[in-house]
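Novice: The structure that follows is given in the form of structure tokens.
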Amino acid sequence: MKSFLNVQDLGDLKAALAEAAELKANRFKYDTLGKNKTLLMVFFNNSLRTRLSTQKAAMNLGMNVIVLDVNAGAWKLETERGVVMDGDKSEHLLEAIPVMGSYCDIVGIRSFAGLSDRDYDYAETVYHQFEKYSGKPVFAMETATVHPLQAFADLITIAEHKRPHRPKVVLTWAPHPKSLPQAVPNSFAQWMVEADRQGLPLALDGAEQGIDFVITHPEGYELDPAFTRGARIEYDQQKAFEGADFVYAKNWSCPGIGRYAKDYGRILHDYHTMMQWTVDARHMAWTNDAHFMHCLPVRRGMIVTDDVIESPTSLVIPEAANRELSATVVLKHFLQEM
Ligand code: CP
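Next comes the structure, spelled out in structure tokens:
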């Protein structure tokens with residue numbers, strides 16, 4: 397593996413889940429694999445979970461870790477070619493990237509969508525520049541359009557909480573006061589669809605395979621079909637929730653699909669309409685005693701109510717804890733191929 401951006405990069409998900417389970421039983425089983433290897437984590441945006449869990453994962457494997465917060469102490473970076481750099485940006489990414497690559501063996505990138513130019517965001521321009529110019533394997537720590545370490549941790553968490561039957565997993569849009577990227581829902585959809593396609597045995601007896609995956613959101617928030625690949629969309633949130641075993645809540649701004657192309661990155665609805673989608677006890681009562689999931693950080697009272705996120709069926713903490721496992725598996729794959 398030279399790059400980790402999409403679910404296909406990891407390959408066989410059943411094997412990846414088995415690796416995660418092996419590491420959960422003994423996190424330090426491969427603690428010499430990364431000896432004298434250095435991970436560089438580059439953050440263009442804030443983070444709590446990704447920063448800590450990926451660093452911990454690297455330490456589990458015996459790696460050294462260096463962290464660069466681009467907006468806190470580094471030179472301000474220009475990312476576009478062909479510009480006259482007479483403003484506040486002192487260094488171009490095209491020099492900075494190979495320099496960064498010279499100090500490490502693997503590079504992790506966090507670089508969110510700007511949400512103003514869909515083509516630029518969906519081309520994953522910054523990530524691919526790191527792939528091209530760092531000379532090192534690169535992985536996404538949430539980029540403009542994807543967050544695969546999160547989606548892998550989500551899949552691990554679902555696999556750890558099996559139901560007697562093939563699980564119904566619902567990705568629901570939920571309100572937020574700011575425009576947010578589509579990276580988390582894109583990846584969650586991509587990984588759920590692929591888990592279903594690969595027929596993962598996610599029922600308790602292992603007999604039933606795959607996932608009954610449903611996406612629900614107000615009209616205009618249709619995710620890019622490259623990620624949803626024909627997944628069922630149910631605009632009626634109650635119908636979507638009925639029989640759900642897992643409810644995965646997340647806000648995202650308009651992905652700009654079809655007649656909503658000009659609305660890319662916007663919030664489409666007024667406050668009152670939006671707040672009907674907050675996941676509360678009334679919503680959860682429609683489900684099959686579903687587990688509540690969210691990638692965190694979460695806005696209480698907007699995305700979810702206090703009672704739901706604090707309920708015994710909420711998985712937000714184990715889900716975040718599993719970020720260490722997803723990162724350890726991914727770094728292990730890189731190291732084993734060096
Ligand atoms: N879920 C997640 O990626 O959290 P951070 O933004 O805190 O890293």
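For what it's worth, the working numbering labels the leading residue of the sequence shown as 397, then goes sequentially.
Just so it is clear, CB atoms sit at the ideal spot from N, CA and C, and this is done for glycine as well.
Since we're looking at a predicted model, the values are computed, not measured.
Can you tell me whether DSSP reads T553 as helix, strand or coil?
Specialist: Position 157 of the sequence shown, counting from 1, holds the residue named residue 553. Three-state DSSP puts T553 in a helix.
Novice: Tell me the residue span of the alpha helix (DSSP H) that contains F508.
Specialist: On the sequence shown, residue 508 is found 112 positions in, with the first residue counted as 1. Where F508 is concerned, there is no enclosing alpha helix (DSSP H), given that its DSSP letter is neither H nor E.
Novice: For R696, name the three-state secondary structure that DSSP assigns.
Specialist: Stepping through the sequence shown from its first residue, residue 696 is reached at position 300. In the structure shown, R696 sits in a strand (DSSP, three-state: E or B).
Novice: Which runs of the beta strand (DSSP E), 3 residues or longer, sit entirely within the segment 560 to 637?
Specialist: The qualifying runs are 564 to 569, 608 to 612.
Novice: Residues in its own chain within less than 6 Å of E538 by CB, not counting five upstream and five downstream?
Specialist: Here residue 538 refers to the residue found at position 142 when the sequence shown is read from its first residue. Answer for E538: R506, A579, listed in chain order.
Novice: Along the alpha helix (DSSP H) that carries R455, what are the first and last residues, could you check?
Specialist: To locate residue 455, count along the sequence shown from 1; it is residue 59. In the sequence on display, residue 455 carries Met and not Arg. Where M455 is concerned, the enclosing alpha helix (DSSP H) stretches over 445 to 456.
Novice: On the criterion of 16 or more Cβ atoms from any shown chain inside 10 Å, does S530 qualify as buried, or is it exposed?
Specialist: For the purposes of this step, residue 530 is identified with residue 134 of the sequence shown, where counting begins at 1. So S530 ends up on the buried side.
Novice: Please return the same chain residues whose Cβ sits closer than 8 Å to the Cβ of A677, not counting the five positions on each side in sequence.
Specialist: Reading the sequence shown from its first residue, position 281 is the one you call residue 677. Result list for A677: T701, D703, V704, in chain order.
Novice: Using a Cβ-based criterion (distance less than 8 Å to any ligand heavy atom), does E538 qualify as near ligand 1?
Specialist: Here residue 538 is taken as the residue at index 142 of the sequence shown, counted from 1. Result yes, Cβ under 8 Å from ligand 1.
Novice: Here's the rule: buried if 16 or more other CB atoms are within 10 angstroms of the residue's CB, otherwise exposed. What is R514?
Specialist: Counting from one through the sequence shown, the residue named residue 514 turns up at place 118. Classification of R514: buried, given that the 10 Å Cβ count is 16 or more.
Novice: Work out the CA separation of A540 and Q586 for me, nearest whole Å.
Specialist: Start at 1 with the first residue of the sequence shown, and residue 586 comes out as number 190. Start at 1 with the first residue of the sequence shown, and residue 540 comes out as number 144. Roughly 15 Å separates the two Cα atoms.
Novice: Take R695 and list the residues in its own chain whose beta-carbon comes closer than 7 Å to its own, dropping the five residues that flank it on each side.
Specialist: Within the sequence shown, the letter at position 299 stands for residue 695. Excluding positions up to five away in sequence, the list reads H572.
Novice: If we count Cβ pairs, one from each stretch, closer than 8 Å, do we get three or more for the segment 470 to 490 versus the segment 421 to 431?
Specialist: No: fewer than three Cβ pairs fall under 8 Å.
Novice: Whole angstroms is fine: what's the gap from D666's alpha carbon to N456's?
Specialist: Within the sequence shown, numbered from 1, the residue matching residue 666 stands at position 270. Within the sequence shown, numbered from 1, the residue matching residue 456 stands at position 60. Rounded to the nearest angstrom, the two C-alpha atoms are 46 Å apart.
Novice: Helix, strand or coil, according to DSSP, for G654 in the structure here?
Specialist: The residue given as residue 654 occupies position 258 in the sequence shown. In the structure shown, G654 sits in a helix (DSSP, three-state: H, G or I).
Novice: How big is the Cα-Cα spacing for R559 and G661?
Specialist: As a working mapping, residue 559 is identified with position 163 in the sequence shown. As a working mapping, residue 661 is identified with position 265 in the sequence shown. Distance between the alpha carbons of R559 and G661 is about 36 Å.
Novice: Can you tell which of V643, V503, P577 has its C-alpha closest to the C-alpha of N460?
Specialist: Looking up residue 460 in the sequence shown gives position 64. Answer by Cα proximity: V503.
Novice: Tell me whether T669 is buried or exposed, calling it buried when 16 or more other Cβ atoms sit within 10 Å of its Cβ.
Specialist: On the sequence shown, position 273 is the one that residue 669 refers to. So T669 ends up on the exposed side.
Novice: So, with DSSP's three-state summary, where would you put K420?
Specialist: Here the question's residue 420 lines up with position 24 in the sequence shown. Looking at K420 - three-state DSSP - the assignment turns out to be helix.
Novice: So, helix, strand or coil for M689, using DSSP?
Specialist: Working through the sequence shown from its first residue, we reach residue 689 at position 293. Of the three classes helix, strand and coil, the one that applies to M689 here is strand, per DSSP.
Novice: What does a CB cutoff of less than 8 Å around G697 pick up in its chain, not counting 5 residues either side in sequence?
Specialist: The sequence position of residue 697 within the sequence shown is 301, counting from 1. Once the five neighbours on either side are set aside, the close Cβ partners of G697 are T674.
Novice: Assuming E590 and L401 form a contact by the criterion Cβ under 8 Å, report the distance between their Cβ atoms to the nearest whole angstrom.
Specialist: Taking the sequence shown and counting its residues from 1, one reaches residue 590 at position 194. Taking the sequence shown and counting its residues from 1, one reaches residue 401 at position 5. The Cβ separation is near 13 Å, so there is no contact.
Novice: For a test of the three-state rule: what should DSSP assign to P538, helix, strand or coil?
Specialist: In the sequence shown, residue 538 corresponds to position 142, counting from 1. Reading off the sequence, residue 538 comes out as Glu, not Pro. If DSSP states are grouped into helix, strand and coil, E538 belongs with coil.
Novice: Given the structure, does S443 come close to ligand 1, in the sense that its CB is under 8 Å from one of the ligand's heavy atoms?
Specialist: In the sequence shown, counting from the first residue as 1, residue 443 sits at position 47. Yes, Cβ of S443 sits closer than 8 Å to a heavy atom of ligand 1.
Novice: Can you give me the C-alpha to C-alpha distance between A470 and L464, rounded to a whole angstrom?
Specialist: Numbered from 1 along the sequence shown, position 74 holds the residue referred to as residue 470. Numbered from 1 along the sequence shown, position 68 holds the residue referred to as residue 464. If you take the alpha carbons of A470 and L464, they lie about 8 Å apart.
Novice: Thinking C-alpha only, which one of E474, M734, E733, E720 is nearest A417?
Specialist: On the sequence shown, residue 417 is found 21 positions in, with the first residue counted as 1. With distances taken between Cα atoms, A417 lies closest to E720.
Novice: The alpha helix (DSSP H) with T521 in it runs from where to where?
Specialist: Locating residue 521 in the sequence shown gives position 125, where the first residue counts as 1. From DSSP, the alpha helix (DSSP H) with T521 extends over 521 to 529.
Novice: Which residue or residues does DSSP assign as beta-bridge partners of Y644?
Specialist: Position 248 of the sequence shown, counting from 1, holds the residue named residue 644. In DSSP, Y644 forms a bridge with L567, M689.
Novice: Do the CB positions of Y644 and H690 come within less than 9 Å of each other?
Specialist: Position 248 of the sequence shown, counting from 1, holds the residue named residue 644. Position 294 of the sequence shown, counting from 1, holds the residue named residue 690. Taking 9 Å as the Cβ cut-off, Y644 and H690 qualify as a contacting pair.
Novice: Whole angstroms are fine: how far does the CA of A411 sit from the CA of I611?
Specialist: In the sequence shown, counting from the first residue as 1, residue 611 sits at position 215. In the sequence shown, counting from the first residue as 1, residue 411 sits at position 15. Taking the straight line from one Cα to the other gives about 26 Å.
Novice: Is the Cβ of H665 closer than 9 Å to any Cβ of chain D?
Specialist: No chain D appears in this structure, which consists of one protein chain only.
Novice: Measure the C-alpha to C-alpha separation of A603 and G430 and round it to an integer number of angstroms.
Specialist: For this step, residue 603 is matched to residue 207 along the sequence shown. For this step, residue 430 is matched to residue 34 along the sequence shown. Their backbone Cα atoms lie some 38 Å apart in a straight line.
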